[in-house]
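Read the structure below first, then the notes.
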Amino acid sequence: MKFDSNNHENAIQEAQRILKEAQIDFALRLEKAVNGVSEVAEGTVHTIGKGVQRLFWRTSYFFDGYEDVNQRINREDIRIIRAVGAVFSGGVFDNNAIKKISKIYIEKLLEPYASNEPFLNRLHEKLVSSSSKMTYFASKLITSKLTKNAIISAITESIYVAVINKAFIREGFRKLGMSMTLAFQFYGYVDKASVSASKLKRECPALYWSLYADNLEMLYFIFEPLFKKGVSVIQKGKTSSVDDVYESIIEIIGYN
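Just so we're aligned: the sequence shown equals residues 0 to 255 in numbering that gives the first Met the number 0.
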């Protein structure tokens with residue numbers, strides 16, 4: 000067979016092209032990995048920094064006029080211990096701090112309409128008609144009879160399934176659990192929890208005190224991205240429309 004120099008040259012060029020693409024791809028992957036690590040490290044350092052700051056504030060009773068700061072921190076520390084106890088007493092997913100928080104949220108969201116069956120029926124129809132891509136969610140709603148309790152129960156269970164499937168929710172509980180072995184990092188999460196709980200107390204006392212009754216308000220910071228829209232709907236009470244409630248539920252189902 001005669002040697003074809005053109006084909007040989009083309010083959011070399013193709014191999015070089017593939018190698019170059021592979022090198023670029025590897026470089027991009029490496030850069031992404033390094034950036035990811037740096038982001039995690041930055042977040043961890045920030046959390047630890049908050050923990051150190053909070054621990055310093057804990058000594059504020061040594062300074063005149065700071066007794067109230069120390070008392071507030073003491074109260075919050077007790078609340079986070081109770082919240083962690085509520086989670087780990089039966090396991091995060093078995094007992095269900097997640098299910099309890101989802102249930103309390105939905106109860107507060109639908110509370111103004113608990114006796115308004117026409118409202119609940121309209122909400123049911125909108126959810127069923129728009130949930131064709133969400134098999135479990137649709138099946139729970141379609142098979143529920145059009146009664147107040149059945150509709151509320153179906154929505155609550157569907158929201159729970161949606162919430163528990165969110166990676167960032169599971170990751171939030173995992174990080175909280177792991178941080179307990181690192182005092183400063185755990186204390187940083189306590190600071191995050193207290194800021195989020197205080198904000199909820201100001202913005203939506205009804206939801207805050209309902210979570211508080213079950214020792215769960217200090218875990219709200221994990222769920223805050225999911226419940227933002229619903230919190231404003233709960234605040235509005237009976238002035239909220241079917242669309243308001245519907246959108247706050249669908250936002251949870253579709254949140255990544």
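The beta-carbon is built from N, C-alpha and C at its ideal position, and this holds for glycine as well.
Practice prompt. Would you mind stating whether Asp243 and Lys237 have Cβ atoms separated by less than 8 Å?
Written response: As a position in the sequence shown, residue 243 is number 244, starting the count at 1. As a position in the sequence shown, residue 237 is number 238, starting the count at 1. Contact flag unset, no.
Discussion item. Taking the alpha-carbon of Lys99 as reference, which of Glu110, Val162, Lys125 and Ser239 has the nearest alpha-carbon?
Written reply: For the purposes of this step, residue 99 is identified with residue 100 of the sequence shown, where counting begins at 1. The shortest Cα separation from Lys99 among Glu110, Val162, Lys125 and Ser239 belongs to Val162.
Worksheet item: Do you know how far the Cα of Val86 is from the Cα of Ala205?
Response: Sequence index remark: in the sequence shown, residue 205 carries index 206 (1-based). Sequence index remark: in the sequence shown, residue 86 carries index 87 (1-based). Taking the straight line from one Cα to the other gives about 22 Å.
Worksheet item: Taking C-alpha atoms, which residue in Ala192, Glu110, Asn73 and Gly84 lies nearest to Ser209?
Response: Along the sequence shown, one-based indexing puts residue 209 at 210. When only C-alpha atoms are compared, the closest one is Glu110.
Worksheet entry | Identity of the residue in Ser129, Ser193, Tyr112 and Ile251 nearest Ile77 by Cα | Position 78 of the sequence shown, counted from the start, is the residue given in the question as residue 77. Among Ser129, Ser193, Tyr112 and Ile251, the Cα nearest to that of Ile77 belongs to Ser193.
Item to complete: Measure the Cβ-Cβ separation of Tyr207 and Leu126 and say whether it is below 8 Å.
Response: Indexing the sequence shown from 1 puts residue 207 at position 208. Indexing the sequence shown from 1 puts residue 126 at position 127. For Tyr207 and Leu126, no; Cβs fall outside 8 Å.
Fill in: Test item: CB-CB of Ser247 and Leu108 under 8 Å
Working through the sequence shown from its first residue, we reach residue 247 at position 248. Working through the sequence shown from its first residue, we reach residue 108 at position 109. Yes, the pair counts as a contact, with Cβ atoms nearer than the cut-off.
Discussion item. Distance check for Ile251 and Glu223, CA to CA, integer angstroms please.
Written reply: Reading the sequence shown from its first residue, position 224 is the one you call residue 223. Reading the sequence shown from its first residue, position 252 is the one you call residue 251. Across the structure, Glu223 and Ile251 are spaced so that their CA atoms are roughly 11 Å apart.
Practice prompt. Can you say whether Gly229 is buried or exposed, counting buried as having 16 or more other CB atoms within 10 angstroms of its CB?
Written response: Translated into positions along the sequence shown, residue 229 becomes position 230. Buried, by the Cβ-count rule.
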